[in-house]
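Letter 200 of the first sequence, counting from 1, is numbered 215 in this note's numbering, and no numbers are missing. All C-beta atoms, glycine included, are put in the ideal place defined by N, C-alpha and C.
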Amino acid sequence: SISFNIVMKGLCNAGNVDEAFKVLKEMEGSGCDPDYVTFNTLINGLCRVSRVEEGFRVLREMRGRKNCRPSVVSYTTVILGYCREGKLDEAVRVLEEMVESGEKPNLVTYNILLDGFCKAGNVKRAEGLFGKMVDYDVVSYTTMIDGYCKVGQTGEAIRLMNEMQAKGIVPNVYTYSAMISGFCKENKLGEAVCLLEEMRERGIIGKTFMYNSVLDGISKSGNLDQANQIFEKMLESGCKPNKITYTILIYGHCMKARMNEAIGLFHEMLQVGCEPDNVVVAALVSCLLKAAMHKEAKSIIHSLLAKGFSPD
RNA sequence: UCAUAACGAUU
């Protein structure tokens with residue numbers, strides 16, 4: 016049944032719950048007993064596609080089966096489903112039902128509720144729960160940090176980041192990502208840059224979107240030298256730029272009339288296989304024309320054609 | 001073999 020479970024998980028993750036239920040039928044037909052993992056997988060599949068009620072029903076049906084008692088994972092999965100729908104009251108109700116039936120919530124259960132409260136706009140309630148928890152991990156902290164960042168409380172978020180490290184909990188790429196996008200939204204670019212650096216020093220490879228938001232802020236503030244420097248570090252650290260990264264930088268250089276660098280970036284972009292969209296091309300070409308660099312403008316169009324792209 | 005956190009970031 017392990018193989019069946021794996022197939023079902025694949026189907027569920029692809030959003031194909033109904034197919035997964037067909038597999039369940041096949042299992043039963045072939046004398047293979049579904050186990051608690053099978054049902055948990057189905058519950059998760061249903062919750063992922065917003066069929067939480069049905070997921071909850073599957074959980075209840077588990078109670079009638081031998082050796083398939085609903086576990087902490089079953090309940091937690093349903094709680095997650097309700098949290099994602101923003102139905103926190105329902106989520107809490109399931110939690111209570113879980114406790115009544117003798118199943119103890121674990122750290123994952125609490126982490127999910129923390130996130131649910133934060134995402135529902137109730138950071139205070141998340142804070143309350145966080146204060147009552149006895150056990151924390153990097154997810155608990157990152158969830159709260161993200162919650163604070165999303166409501167503009169980066170100071171509180173940083174405080175938690177220090178606190179977690181004092182407890183020996185190490186921030187990971189999720190933690191940095193939450194903090195950095197929080198700082199970027201507040202236009203605290205200096206802080207964002209510092210955290211990017213700290214992250215690299217710790218050997219964590221950042222994600223492209225993290226660099227993009229920092230680069231965007233820095234470019235728009237007109238500090239192209241710094242943007243270029245961060246871009247260098249990004250490449251050195253092994254983080255791959257994408258089309259958006261190049262778009263940000265090309266724009267930035269155009270705005271500062273640094274056309275040769277803009278052109279250089281454009282060619283680099285083509286070389287690494289990023290397809291520029293018409294918006295960047297239009298911006299670049301029109302800037303070149305304004306700067307009376309007609310030859311260069313033409314050559315941009317030619318490079319595009321040579322690569323098989325069609326500029327409109 | 002099952003459940004949790006960051007990203008719709010460029011125009």
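Can you give the Cα-Cα distance for L211 and G218, rounded to whole angstroms?
11 angstroms
When the distance is taken between beta carbons, is T158 closer than 7 angstroms to N137?
No, these two residues do not count as a Cβ contact at 7 angstroms.
Pull up the distance between the alpha-carbon of K310 and that of G253, whole angstroms please.
35 angstroms
Give the DSSP-derived three-state secondary structure of D161 in the structure shown.
For D161, the secondary structure class from DSSP, reduced to helix, strand or coil, is helix.
Look at G96 and V67 and say whether their C-beta atoms are less than 7 angstroms apart.
Going by C-beta atoms, G96 is nearer than 7 angstroms to V67.
Quick check: the Cα distance between L250 and V300, rounded to an integer number of angstroms?
26 angstroms
Distance check for V38 and F224, CA to CA, integer angstroms please.
F224 and V38: Cα-Cα distance of roughly 38 angstroms.
Starting from the C-beta of E34, find all residues in its chain whose C-beta is less than 7 angstroms away, skip the five residues before and the five after it, and write them out in chain order.
Beyond the five residues adjoining it in sequence on each side, E34 comes within less than 7 angstroms, by CB distance, of L26 in the same chain, given in chain order.
Apart from the five residues just before and just after R84, which ones in its own chain have a Cβ nearer than 8 angstroms to its Cβ?
Y51, M77, R78
Using the beta-carbon count (16 or more within 10 Å), is C209 buried or exposed?
exposed
Tell me which residues share the same chain as E100 and place their Cβ nearer than 7 angstroms to its Cβ, disregarding the 5 neighbours each side in the sequence.
S65, V67
Give me the residue from C47, C289, H282, L304 with the minimum Cα distance to S318.
H282
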